[in-house]
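A.B. asks: Residue numbering for the sequence shown follows our numbering, beginning at 1089 and increasing consecutively.
No residue lacks a Cβ here, since even glycine has one placed at the ideal position from N, Cα and C.
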Amino acid sequence: MSSSTFQDSVILITGAASGIGRQLAIQGAARGASILATDIDTTGLRETKTLASQQGQVIEIQELDVADPEAIQSFAAQVILGLSGRKLILINNAGVGLFTGSFEHTSLEQFEWLLSINLWGPIRMTKAFYPYLLQQNRGHIVNISSVFGLAGVANQSAYCTSKFGIRGFTESLRMELAGTGIHTTTVHPGGIRTNIVRNATPRGPVATAAMHQQSISNFEQAAQTTPEKAARLILDAIANKKERLVIGPDGRALDLVTRLFPVRYSRIVMKQIEKTFTNPYKDQSSQ
Ligand SMILES: NC(=O)c1ccc[n+]([C@@H]2O[C@H](COP(=O)([O-])OP(=O)(O)OC[C@H]3O[C@@H](n4cnc5c(N)ncnc54)[C@H](O)[C@@H]3O)[C@@H](O)[C@H]2O)c1
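The following block contains the structure:
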């Protein structure tokens, strides 16, 4: 694996105040890259800076809401000026979950809110930095999808839509950028032990705090990979120009099932979920 990948490179990470994004900042710095860590959570960002600074590299932090098109525009204009020809590794990592239940109980506003972060965020960030990448004819775009970008699952319609979208977007860029010096990686993590499910507070007409608690327990039981390991694998994938990365044994199992049974996987996965977990929405009809 070439360590030169990260020398003279700037890794720009969205959602770097927590979870996988924070680990990408810490480990990216340890591999010799300059880090530009962004998030809406400025307290978490400062903690990331403290942790990543211990690696002896330059860590800059900046508040950035990836759902805000104007903020992205002015952020990109200012960052590009400071890049001074260095290689840009853009990691579109910021993401949220939504705990509403089925599509029936998810409003269009909630659906749109999630897409504005998980799907439009990476599209707008990529668009803003694309001229720089093309002009340099080098760099890397890493988009964090999910195993829910490989399999559609119940009660996750907005999230799955966003993550399938990320996959289609990144794979289209991959073909368009073939033969250039700009690389792409689509990442499909299985369960990673972060706060993402805890942060997805209950919303809508049926979701309750007790249901949310059940879903947190399910997630804690299922999530097999640490954010430290996920970040290490993502940075390895960048160094090795790997175009598709599926993380964790659960991720690889779901990847295999969806490829072997592109339609029947719905029933297979549903049975497995019913066997393994308590359905948080089982009392939904009595609410
Ligand atoms: N944890 C998992 O099991 C898992 C599995 C598959 C994919 N992912 C994806 O990995 C990525 C990172 O998630 P994580 O698990 O580390 O979660 P996390 O909740 O620990 O971190 C997500 C970060 O995104 C930030 N964020 C939220 N909205 C934002 C916005 N509008 N603008 C900028 N930042 C914003 C949050 O403040 C937080 O710091 C997400 O895209 C998520 O969908 C996570």
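(1) Under a three-way DSSP split, which group does residue 1287 fall into?
(2) May I ask you to list the residues that DSSP assigns as paired with residue 1148?
(3) In this structure, how does DSSP classify residue 1188 when only helix, strand and coil are distinguished?
(4) With respect to 7 Å, is the separation between the Cβ of residue 1152 and the closest non-hydrogen atom of ligand 2 below this value?
(5) Give me, in chain order, the residues of the same chain whose beta-carbon lies closer than 6 Å to that of residue 1240; leave out the 5 immediate sequence neighbours on both sides.
(6) Pop quiz: residue 1138 and residue 1105 are said to be a contact at Cβ under 8 Å. What is the actual Cβ separation, rounded to whole angstroms?
(7) Quick one: what's got a C-beta closer than 6 Å to residue 1206's C-beta in the same chain, skipping five residues either side?
(8) Measuring alpha carbon to alpha carbon, tell me which of 1343, 1162 and 1191 ends up nearest residue 1291.
(9) Do residue 1277 and residue 1245 have their C-beta atoms closer together than 8 Å?
(10) Looking at residue 1261: is its Cβ nearer than 8 Å to the Cβ of residue 1304?
(11) If distances are taken between C-alpha atoms only, which option among 1103, 1221 and 1116 comes closest to residue 1319?
(12) Ligand 1 and residue 1314: does any heavy atom of the ligand fall closer than 7 Å to the residue's C-beta?
(13) Compute the distance between the beta-carbons of residue 1353 and residue 1364, then report whether it is under 8 Å.
C.D. replies: Concretely, from the data shown:
(1) Taking the sequence shown and counting its residues from 1, one reaches residue 1287 at position 199. It is helical.
(2) Residue mapping note: residue 1148 aligns to position 60 of the sequence shown, counting from 1. For residue 1148, which the question treats as bridged, DSSP gives the partners 1124.
(3) As a position in the sequence shown, residue 1188 is number 100, starting the count at 1. Three-state DSSP puts residue 1188 in coil, outside helix and strand.
(4) Ligands in the displayed structure: ligand 1; ligand 2 is not one of them.
(5) For the purposes of this step, residue 1240 is taken as residue 152 along the sequence shown, with counting starting at 1. So the list reads 1248, once near-sequence residues are dropped.
(6) Against the sequence shown, residue 1138 aligns to sequence position 50. Against the sequence shown, residue 1105 aligns to sequence position 17. Actually they are not in contact, since the Cβ atoms of residue 1138 and residue 1105 sit about 12 Å apart, beyond 8 Å.
(7) Position 118 of the sequence shown, counted from the start, is the residue given in the question as residue 1206. Closer than 6 Å at Cβ, skipping near neighbours: 1183 and 1250.
(8) Taking the sequence shown and counting its residues from 1, the one referred to as residue 1291 is at position 203. That would be 1191, whose Cα lies nearest to the Cα of residue 1291.
(9) Reading the sequence shown from its first residue, position 189 is the one you call residue 1277. Reading the sequence shown from its first residue, position 157 is the one you call residue 1245. Not in contact: residue 1277 and residue 1245 (Cβ atoms no closer than 8 Å).
(10) Against the sequence shown, residue 1261 aligns to sequence position 173. Against the sequence shown, residue 1304 aligns to sequence position 216. Against a cut-off of 8 Å, the Cβ pair of residue 1304 and residue 1261 comes out as no contact.
(11) Here residue 1319 refers to the residue found at position 231 of the sequence shown. Measuring from the Cα of residue 1319, the nearest candidate turns out to be 1116.
(12) Position 226 of the sequence shown holds residue 1314. Remark: the C-beta of residue 1314 is outside contact range of ligand 1, defined as less than 7 Å to any heavy atom.
(13) The residue given as residue 1353 occupies position 265 in the sequence shown. The residue given as residue 1364 occupies position 276 in the sequence shown. Taking 8 Å as the cut-off, the beta carbon of residue 1353 is found no closer than this to the beta carbon of residue 1364.
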